[in-house]
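The next block holds one structure in the form of structure tokens; read it before the comments.
Residue numbers (our numbering): 233 to 319.
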């Protein structure tokens, strides 16, 4: 498994109980369409998180890539999936 580490530039980090609960929940989510969230590292000056690397790139990069032809069937399927997630 290849991993990716991303550091977020946040002015200050305050770990509240609710935030810790959300991070623990993220670690437990398993779905074929989601990258696996593995862990996070927090200190006084930075917040980094570790997740499974996706060879095909993020959804944002796929949608933004004009050379990838997304037919209408795929687009409608993607929109339906996003709506289902929001419900």
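No residue lacks a Cβ here, since even glycine has one placed at the ideal position from N, Cα and C.
Contact under 9 Å by Cβ, residue i with residue j
i: residue 289; j: residue 301; result: no
Euclidean distance between Cα positions of residue i and residue j
i: residue 236; j: residue 305; result: 31 Å
i: residue 254; j: residue 265; result: 19 Å
i: residue 321; j: residue 257; result: Residue 321 lies beyond the residue range present for the chain, which begins at 233 and ends at 319; the question has no answer from this structure.
i: residue 285; j: residue 294; result: 15 Å
i: residue 292; j: residue 272; result: 22 Å
i: residue 303; j: residue 312; result: 14 Å
i: residue 276; j: residue 233; result: 29 Å
Assumed close pair residue i, residue j - CB separation to whole angstroms, cut-off 8 Å
i: residue 269; j: residue 259; result: 6 Å
i: residue 239; j: residue 280; result: 4 Å
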